[in-house]
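With the working numbering applied, the sequence shown corresponds to residues 329 to 808, in that order.
Take a look at the structure below.
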Amino acid sequence: MRKPVKEIENVLQNHGYSINTIICEVMKTFKLKTLCHQIGFQKEAGYSTSEILTLMLMLPLMLLKSVHALYKSEFQRVTTMKQSCIYRLKNNEKMPWRSLLLAMAKQFQRLVNPTNEVADKSAFIIDDTTIAKTGRRIEQMTKVFDHVAGKKGSKLGFKNLTLALFDSKSLAPLDFTLQVEKPLKKARHRKDRFKKQRNPKSAGAKRIQECHVSKIRNGLDMLRRALKQGFRAKYVLVDSWFSSHEFIQTIRGLGKNPMHLVCGVRQDRRNYLYNGNSLNASQLKLVLKSEGNEKRCRKRNIRYFEVIVDYEGIGHVKLFFCRFPYQKKWRLFLSTDISLSLLSMLEIYSIRWTIEVFFKETKQHLKLGTCQSRDFDAQIAHITTCYILYTLLAYFRRVNAYESLDKLFAEIKDELIEKNVAERLWELFDDLLQVVITSIAKSGLVDILEFRNSVEYDYMKELFENSFLTNQLKNLENAI
């Protein structure tokens with residue numbers, strides 16, 4: 329019996345649980361309840377939106393995929409809240425989810441960068457990822473192309489277009505839109521999709537309209553909103569899909585202090601002015617090759633050409649034709665910052681990879697894309713809560729020097745196991761105590777049945793329960 333007792337003692341003495349810290353301490357630091365009130369993220373009656381939102385944020389930390397899974401698990405005692413209460417909030421078209429995400433991102437920047445300095449390697453990153461679904465009846469459902477899957481990569485789902493800010497240390501999601509692509513072929517499948525009447529002026533109706541707008545336009549709109557909210561960066565990073573002439577020209581005209589763009593570029597028919605000649609990418613590469621301007625970067629083992637050209641309506645830009653090791657094709661990169669060398673350009677462009685890591689971590693750990701609701705508003709709510717939780721974890725990871733979410737979640741899993749072991753030990757102890765009480769009562773020696781309902785018994789049980797996840801939300805209002 330010594331070992332189990334020691335195990336209980338260790339759990340009782342440990343008050344620094346990651347889940348408790350993230351849910352209570354970090355939310356208190358972010359002032360979540362105040363932010364909800366400031367942006368109008370409120371309900372008229374019942375549980376407050378901050379309470380419901382907190383429970384939604386806890387689900388991935390409890391390793392649960394959905395609201396339904398919570399109420400089928402041992403963690404259903406976390407709250408007296410009914411699951412219908414959560415569903416009503418997720419399906420509410422009036423909720424300003426975009427404003428809430430931007431407010432959380434602004435609070436993150438205030439905490440980690442109070443002087444609002446623009447780092448030399450800070451960047452806005454725009455990219456998309458596929459959110460695959462299995463149900464054709466989900467509202468606005470279409471087929472989208474997943475380039476990772478190759479030529480036969482069309483699948484049911486959405487394209488999640490995301491704008492994030494990298495401040496030279498951490499990446500924070502700022503905004504997103506869900507994009508649709510190819511309509512479902514069969515009319516009955518289109519007819520069977522969930523439909524819902526919305527107020528045209530509601531936040532949900534506006535998100536529906538956005539999903540039919542081009543990704544380039546939505547990306548620029550998101551960037552404009554971010555700049556209007558006070559977010560700043562030195563660069564904008566995108567892949568070749570977004571690097572149209574219109575996109576580059578618009579980026580260079582945004583804000584009081586125009587940002588530089590570093591991007592991949594398709595070698596298409598667009599022309600660049602070089603030595604008085606208007607040449608497309610293929611023609612320009614041949615001219616540079618004939619002039620003997622090929623260079624080699626020994627550090628990266630890259631063969632490349634670099635040249636400053638005049639891009640119509642944009643001005644001088646620097647182009648880099650690069651051939652990477654073991655690749656036959658040349659890749660083309662464009663930088664509006666003509667002072668950059670090849671290595672500096674590649675170092676800045678590689679920052680774009682942080683958003684790929686972000687997509688991987690949110691899908692793997694935060695259950696991004698697992699919402700099964702047919703309501704489009706619920707899909708928006710699900711992604712927003714994933715992004716908010718990532719922001720909280722990014723702050724927690726930054727101040728506690730965690731290298732990645734993998735290590736953080738490994739610790740959370742260990743602590744969940746520890747809590748569950750302690751809780752099972754309490755149940756065994758409770759059963760044993762009940763047997764003892766019953767035996768003594770039957771013997772008639774002591775009227776100990778009253779002990780079961782005594783203050784002392786409740787105090788002893790509370791001593792155990794205070795260390796468990798089932799008591800986390802009792803002081804929620806004070807915590808946030």
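Yeah, the Cβ is synthetic: ideal placement off N, Cα and C, and Gly gets one too.
Using DSSP with H/G/I as helix, E/B as strand and the rest coil, what is residue i?
i: N728; result: helix
i: I642; result: coil
i: N488; result: strand
i: K562; result: coil
i: F648; result: strand
i: C539; result: coil
i: T408; result: coil
i: L512; result: coil
i: F570; result: coil
i: I290; result: There is simply no residue 290 to check, as the chain begins at 329 and stops at 808 in what is shown.
i: I482; result: The question names Ile, but residue 482 in the sequence shown is Ser. Strand, per DSSP.
i: R553; result: helix
i: R597; result: coil
i: L696; result: coil
i: R526; result: coil
i: L392; result: coil
i: E675; result: helix
In the DSSP assignment, the beta strand (DSSP E) including residue i goes from what residue to what residue?
i: Q507; result: 499-507
i: C591; result: 588-593
i: I454; result: 451-460
i: F661; result: 659-663
i: Y600; result: 600-602
i: L607; result: 605-607
i: V302; result: This structure cannot speak to residue 302, because the chain is shown only from 329 to 808.
i: C625; result: 623-625
Taking the CB atoms as reference points, tell me whether residue i and residue j lie closer together than 8 angstroms.
i: A722; j: A500; result: yes
i: S663; j: H588; result: yes
i: Q468; j: I544; result: no
i: N546; j: T578; result: no
i: R465; j: R702; result: yes
i: S568; j: V590; result: no
i: S450; j: K562; result: yes
i: D448; j: N488; result: no
i: T408; j: I683; result: no
i: F661; j: F648; result: yes
i: A533; j: E421; result: yes
i: L428; j: T712; result: yes
i: I865; j: F494; result: Coverage of the chain is limited to positions 329 through 808, which leaves residue 865 absent and any answer about it impossible.
i: C413; j: I380; result: yes
i: L273; j: Y602; result: Because the chain here runs from 329 to 808, residue 273 falls outside it and cannot be looked at.
i: L360; j: S378; result: yes
i: S610; j: Q595; result: yes
i: K410; j: A706; result: no
i: G368; j: P424; result: yes
i: T357; j: L439; result: yes
i: L299; j: V635; result: Outside the shown range of the chain, which is 329 to 808, sits residue 299, and nothing can be said about it.
Keeping to the same chain, check which residues put their C-beta closer than 8 angstroms to that of residue i; ignore five residues upstream and five downstream.
i: L555; result: L582, G583
i: R552; result: L582
i: L430; result: L502, D503, R553, A554, Q557
i: G344; result: At G344, the pLDDT of 41 sits below 50, so the modelled position is not reliable; the number obtained from the coordinates is stated separately. So no residue of the chain qualifies.
i: V599; result: Note that residue 599 is Asn in the sequence shown, not Val. Around N599: S606, L607, N608, E640.
Keeping to the same chain, check which residues put their C-beta closer than 6 angstroms to that of residue i; ignore five residues upstream and five downstream.
i: A433; result: A500, L502
i: S498; result: A722, R726
i: K623; result: Y632
i: H710; result: C699
i: V564; result: F452, I579, M587, L589
i: V645; result: Y639, L662, T664
i: P511; result: T470
i: H809; result: In this structure the chain extends from 329 to 808, so residue 809 is not present and cannot be described.
Could you spell out the range, first to last residue, of the alpha helix (DSSP H) harbouring residue i?
i: Y415; result: 411-418
i: T690; result: 681-692
i: T578; result: 573-580
i: P388; result: 377-389
i: Q370; result: Neither: Q370 is in no alpha helix (DSSP H) and is coded neither H nor E.
i: K356; result: 355-358
i: S667; result: No alpha helix (DSSP H) contains S667, which DSSP labels as neither H nor E.
i: M432; result: 425-440
i: L398; result: 395-399
Using a Cβ-Cβ cut-off of 7 angstroms (strictly less than) and excluding sequence neighbours within five positions of residue i, which residues of its own chain qualify?
i: L717; result: L385, P388, L694
i: E509; result: T470, K471, V472, F473, K487
i: Y677; result: L565, V590, F661
i: G481; result: F473, D474, H475
Step through the CB atoms of chain C and report whether any lies within less than 8 angstroms of the CB of residue i.
i: E574; result: Of the chains in the structure shown, none is chain C; there is only one protein chain.
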